[in-house]
Amino acid sequence: MSIIVIGTGPAGIQAAIHAARGKTAVTMIGKRTNSAMYGAHVENYFGIPGRTEGSEILNTGIEQAVSFGSKHIEENVIAMERSGDVFIVRTESGNEIEGKAVILASGISRTKLNVPGEKEFFGKGVSYCASCDCNFYKGKRVAVVGDESEAAASAELMTRYASAVFWITKDTKASDVMIKKAADAGAEIISENLAEIMGKEKVTRIKFTDTSMLNVDGVFIELGGRSSSDLAMDIDVMPNADGTINVNEKCETSVSGVFACGDITGKPWQIAKAVGQGAVAGMNALAYVKGDKNVG
Amino acid sequence: MVTELNESTFEAFIKNNGTVLIDCWAPWCRPCRMLAPIIEELSEEMKGKAAFGKLNTDENQGIAMRFGINAIPTLLVFKDGVMYEPLIGLMPKEDIKRYLLGL
C-alpha cells in the first residue's frame, strides 16, 4: 500500500524522499508553482549560501524524490475520501489515487484578492466559500473569480442556484475537464481581471481592469487550489480556526494514517522547519504503512 | 451550552437574555463545522456572561432573510435586545470573546 504526499513544497518533497527510500510506493501530488518557496529567494537555509532561487531548489528536490522512486503528479487535488483505513485522493484531471497513509503538506493558501470593495462587502455579497453560501444566491447573478480548477468547480456549483454565473478568469490554469464542466453547466467565461467590487449596502456590480462593468449580486472568490485545511476535513481531520492542523511530535494528526508537515502545522513558516517536519512525517508514514511501531 | 433555535424560539431567546450570540450555520458548510466546537467551548467559558444559540439557516430561511444573511457562518450578536454588527466567517475564539466582552 502506498503513501500519498499532498503538496510539493519543501515539506512534501522531503517527506516523499524519506518515504520513497523505504521502498514503499509514494505519490507526490501538487503543482510546484503553488509552493510559497517557488517565487522566493533562499538565503537562510543551511548549506546553500548566497541567494538561490526557490524554484531551482524545488525542481532539484522533485527530481531527487523521483530518483528515489516517488511518482509526481503535477496537479491540484480537488477532493479526498476515507474508506475504512484506505484514502482516495482525486486530482483535477480526474486521476484517483489510493493510499494507506496521507501526508498533508500543501501549505497555507492565499485567499484574498486584495481589490477595493472586497473587505467592505465581505458577507454582503462577497464570499470565499461557494459551497457554504450557494443557497443564499438562488435566482441571483453571481461572479466566480479565480484561475484554478477550484474556481471552475465553484462556477459549476453556482449554476445550480444562480440565474446567471460569470466565471472571471484572465489566465486560467484549470484542467480541461473542469473548464468543460463549468462551461457545459452554463457558466459564462470572462477573460478579464477584476479591478473593483462595487455596491451600496450590498454588492451590485463589479468593474474590470479594462473599466467595463457587470451587474452582479454576489462575488465568490476562489483563488488557488483547495487548501490543505479544507481538504483535511474530507478525511475527518478538523483544522483550527486559523486553518492550521495540530500534529504531535511524530507529525501525526488526530486521524490514524494522516500526517501533516510544513506551513500547514503553523508558524514558523520557514523552509528549515518544513524540511524537518517533512522528514519526520515521511519516516512515520513509512513506519505506519509497514506496521513498524519503533520508528521515532 | 449552545441552544438550538428555530423560528418560534428565536425572538424569546434574544428577549430573555442580556448578551446573546447566535451561530447561523448549515450542515454542508465546512467553516461552520469548524466553528461549532469553538462556540461550544466559548459558551462554557462565558457561562453567566452571555447566552449562546445556534440556528440552522437551511431550516429557518425566514430568519436568514430577515437578517440579510448571505454568508455562513454568521454570528448574530445582541445585547439587551439591540442588534450589533454581526461577525462573519470563521474566526479565533479569543476574537469572538473580546468582541462580546467589549459590547
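Protein sequences appear in the order of chains A and B.
If you read the first sequence in this note's numbering, its first letter stands for residue 87, the second for the next number, and so on.
If you read the second sequence in this note's numbering, its first letter stands for residue 18, the second for the next number, and so on.
By construction, the Cβ of each residue, glycine as well, lies at the ideal position given by its N, Cα and C atoms.
Note that the structure is a prediction, hence the values are computed from the model and not measured.
Return yes when the Cβ of proline 103 of chain B is within less than 8 Å of the Cβ of aspartate 75 of chain B, no when it is not. One-based indexing of the second sequence puts residue 75 of chain B at position 58. One-based indexing of the second sequence puts residue 103 of chain B at position 86. For aspartate 75 of chain B and proline 103 of chain B, no; Cβs fall outside 8 Å.
Tell me, please, whether the CB atom of aspartate 316 of chain A is closer than 8 Å to any CB atom in chain B? The sequence position of residue 316 of chain A within the first sequence is 230, counting from 1. Yes, because at least one Cβ of chain B sits closer than 8 Å to the Cβ of aspartate 316 of chain A.
Whether isoleucine 115 of chain A touches alanine 105 of chain A by CB criterion (8 Å): Here residue 115 of chain A refers to the residue found at position 29 of the first sequence. Here residue 105 of chain A refers to the residue found at position 19 of the first sequence. No; because the gap between Cβ atoms is not below 8 Å, this pair is not in contact.
Going by alpha carbons, who is nearest to tyrosine 214 of chain A out of B:Lys71, B:Ile31, B:Ile113 and B:Asn87? For the purposes of this step, residue 214 of chain A is taken as the residue at position 128 of the first sequence. Closest by C-alpha distance to tyrosine 214 of chain A, out of B:Lys71, B:Ile31, B:Ile113 and B:Asn87, is B:Asn87.
Same chain, Cβ closer than 6 Å to glycine 394 of chain A, neighbours up to 5 away in sequence not counted: Limits of chain A in this structure are 87 at one end and 382 at the other, which puts residue 394 of chain A out of reach.
Rounding to the nearest angstrom, what Cα-Cα distance links serine 25 of chain B and aspartate 219 of chain A in this structure? Here residue 25 of chain B refers to the residue found at position 8 when the second sequence is read from its first residue. Here residue 219 of chain A refers to the residue found at position 133 when the first sequence is read from its first residue. Taking the Cα positions, serine 25 of chain B is about 24 Å away from aspartate 219 of chain A.
Uninterrupted alpha helix (DSSP H) stretches inside the stretch 195-262 of chain A (no shorter than 4 residues): Runs found: 216-219 and 235-244.
Taking only beta-carbon atoms, is methionine 166 of chain A less than 8 Å away from chain B? As a first step, residue 166 of chain A must be located in the first sequence, where it is residue number 80. Proximity of methionine 166 of chain A to chain B, defined by a Cβ-Cβ separation below 8 Å, is not satisfied.
Who does leucine 72 of chain B pair with in a DSSP beta bridge? Along the second sequence, one-based indexing puts residue 72 of chain B at 55. According to DSSP, leucine 72 of chain B bridges with B:Leu22 and B:Cys41.
Buried or exposed for phenylalanine 132 of chain A, please, with buried defined as at least 16 other CB atoms from any protein chain shown within 10 angstroms of its CB. Here the question's residue 132 of chain A lines up with position 46 in the first sequence. Phenylalanine 132 of chain A should be labelled exposed.
What's the gap between the Cα of serine 235 of chain A and the Cα of isoleucine 265 of chain A? As a working mapping, residue 235 of chain A is identified with position 149 in the first sequence. As a working mapping, residue 265 of chain A is identified with position 179 in the first sequence. Cα atoms of serine 235 of chain A and isoleucine 265 of chain A: separation of roughly 7 Å, rounded to the nearest angstrom.
Valine 231 of chain A classed as buried or exposed, judged by whether at least 16 other C-beta atoms fall within 10 angstroms: As a first step, residue 231 of chain A must be located in the first sequence, where it is residue number 145. Under this definition valine 231 of chain A is a buried residue.
Do three or more CB pairs link the stretch 332-352 of chain A to the stretch 290-309 of chain A at distances below 8 Å? The stretch 332-352 of chain A, when compared against the stretch 290-309 of chain A, does not touch it at the 8 Å Cβ threshold.
Give the secondary structure of asparagine 77 of chain B by DSSP, where H, G and I count as helix, E and B as strand, and everything else as coil. Taking the second sequence and counting its residues from 1, the one referred to as residue 77 of chain B is at position 60. If DSSP states are grouped into helix, strand and coil, asparagine 77 of chain B belongs with coil.
So what's serine 192 of chain A in DSSP terms, helix, strand or just coil? As a first step, residue 192 of chain A is located in the first sequence; it is residue number 106 there, counting from the start. When DSSP states are grouped into helix, strand and coil, serine 192 of chain A belongs to the coil group.
Note down, one range per segment and in chain order, each alpha helix (DSSP H) of at least 4 residues found wholly within the stretch 259-309 of chain A. Taking only runs of at least 4 residues, the alpha helix (DSSP H) segments lying wholly in the stretch 259-309 of chain A are 262-270.
Within 10 angstroms of the Cβ of methionine 253 of chain A, are there 16 or more other Cβ atoms? Answer buried if so, exposed if not. Residue mapping note: residue 253 of chain A aligns to position 167 of the first sequence, counting from 1. A small correction: the amino acid at residue 253 of chain A is tryptophan; methionine does not occupy that position in the sequence shown. The residue in question, tryptophan 253 of chain A, is buried, as its Cβ has 16 or more Cβ neighbours within 10 Å.
Report buried or exposed for leucine 38 of chain B, applying the criterion of at least 16 other Cβ atoms within 10 angstroms of its Cβ. Here residue 38 of chain B refers to the residue found at position 21 when the second sequence is read from its first residue. Leucine 38 of chain B comes out buried.
Establish whether the CB of methionine 244 of chain A and some CB of chain B are separated by less than 8 Å. Within the first sequence, residue 244 of chain A is the residue found at index 158, counting from 1. Chain B contact via Cβ: absent.
What in chain A is Cβ-close to leucine 107 of chain B, meaning under 7 Å? Within the second sequence, the letter at position 90 stands for residue 107 of chain B. The contacting residues are Ala327.
Using DSSP's beta-bridge definition, name the partner residues of leucine 104 of chain B. As a working mapping, residue 104 of chain B is identified with position 87 in the second sequence. By DSSP's assignment, leucine 104 of chain B forms a beta bridge with B:Leu92.
Helix, strand or coil: how does DSSP classify methionine 319 of chain A here? Here the question's residue 319 of chain A lines up with position 233 in the first sequence. Correct three-state label for methionine 319 of chain A: helix.
For a contact defined as C-beta to C-beta under 7 Å, what are the partners of proline 48 of chain B on chain A? Taking the second sequence and counting its residues from 1, one reaches residue 48 of chain B at position 31. What proline 48 of chain B touches in chain A: Cys215 and Cys218.
Where leucine 52 of chain B and asparagine 326 of chain A are concerned, what is the direct C-alpha to C-alpha distance, given to the nearest angstrom? Locating residue 52 of chain B in the second sequence gives position 35, where the first residue counts as 1. Locating residue 326 of chain A in the first sequence gives position 240, where the first residue counts as 1. Answer to the nearest angstrom: the Cα atoms are 9 Å apart.
Taking 8 Å as the limit between beta carbons, can you name the residues of its chain near threonine 330 of chain A, skipping five residues before and five after? In the first sequence, residue 330 of chain A corresponds to position 244, counting from 1. Correct list, in chain order: Ile194, Ser315, Ile350, Thr351 and Gly352.
In three-state terms, what does DSSP make of glutamate 149 of chain A? The residue given as residue 149 of chain A occupies position 63 in the first sequence. Three-state DSSP puts glutamate 149 of chain A in a helix.
Which same chain residues, not among the five before or five after alanine 237 of chain A, have their C-beta less than 6 Å away from its C-beta? Residue mapping note: residue 237 of chain A aligns to position 151 of the first sequence, counting from 1. Counting only Cβ-Cβ distances below 6 Å, and skipping sequence neighbours, we find Val230 and Glu308.
Look up arginine 137 of chain A in the DSSP assignment and say whether it is helix, strand or coil. Here the question's residue 137 of chain A lines up with position 51 in the first sequence. It is coil, neither helix nor strand.
Same chain, Cβ closer than 7 Å to glycine 180 of chain A, neighbours up to 5 away in sequence not counted: Residue mapping note: residue 180 of chain A aligns to position 94 of the first sequence, counting from 1. Correct list, in chain order: Val263.
Residues from the stretch 48-66 of chain B in contact with chain A, defined by Cβ distance under 9 Å: For the stretch 48-66 of chain B, the residues whose beta carbon sits under 9 Å from a beta carbon of chain A are, in order, Pro48, Cys49, Arg50, Met51, Leu52, Pro54 and Ile55.
With DSSP collapsed to three states, give me the class of phenylalanine 27 of chain B. Counting from 1 along the second sequence, the entry for residue 27 of chain B is found at position 10. Reduced to three states, the DSSP call for phenylalanine 27 of chain B is helix.
Looking at the secondary structure, which residues open and close the alpha helix (DSSP H) in which glycine 368 of chain A lies? Here the question's residue 368 of chain A lines up with position 282 in the first sequence. Looking at the DSSP string, the run of the alpha helix (DSSP H) that includes glycine 368 of chain A is 357-376.
Go ahead and pull the three-state DSSP assignment for glycine 35 of chain B. Taking the first residue of the second sequence as 1, we reach residue 35 of chain B at position 18. Looking at glycine 35 of chain B - three-state DSSP - the assignment turns out to be coil, as it is neither helix nor strand.
Using 8 Å as the limit for Cβ to Cβ distance, is isoleucine 89 of chain B near chain A? Taking the first residue of the second sequence as position 1, residue 89 of chain B is located at position 72. Taking Cβ atoms only, chain A reaches closer than 8 Å to isoleucine 89 of chain B, which makes this a yes.
When the distance is taken between beta carbons, is valine 228 of chain A closer than 8 Å to alanine 248 of chain A? As a first step, residue 248 of chain A must be located in the first sequence, where it is residue number 162. As a first step, residue 228 of chain A must be located in the first sequence, where it is residue number 142. Contact: yes.
Can you tell me whether glutamate 338 of chain A is helix, strand or coil according to DSSP? Indexing the first sequence from 1 puts residue 338 of chain A at position 252. Residue state, collapsed to three classes: strand.
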